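Asks: Dumping the structure here so I can ask a few things about it.
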Amino acid sequence: MKESLLEILCCPLDKHDLELEDAQYDGDEVVSGDLVCSECGETYPIEDGIPNLLPPDMREQTPA
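Here's what the structure looks like:
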């Protein structure tokens, strides 16, 4: 993902800003790391350049 995407992303739980932590880059692309809510502290992983913004209780569910 492009780091500039942070300007439009927000926490799906409380709509506050997300901050990038532990980022790994490939050129100008963030390929892994964490997005952390500035208010509630919830962490959303970035894997293979894709941010997973599902609420925590939905991340572990597998489709039926």
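Be aware that the sequence shown starts at 0, since it is given in numbering that gives the first Met the number 0, and climbs by one per residue. All residues carry an ideal CB built from backbone N, CA and C; glycine is no exception. On a predicted model such as this, the values are computed, not experimentally measured, just so you know.
#1: Under three-state DSSP, which class holds residue 21?
#2: For a quick check, are the C-beta atoms of residue 17 and residue 34 less than 7 angstroms apart?
#3: Identify the continuous alpha helix (DSSP H) that holds residue 56 and give its terminal residues.
#4: Determine the contact status of residue 2 and residue 29, defining contact as a CB-CB distance below 7 angstroms.
Replies: Straight from the coordinates:
#1: strand
#2: yes
#3: 55 to 58
#4: yes
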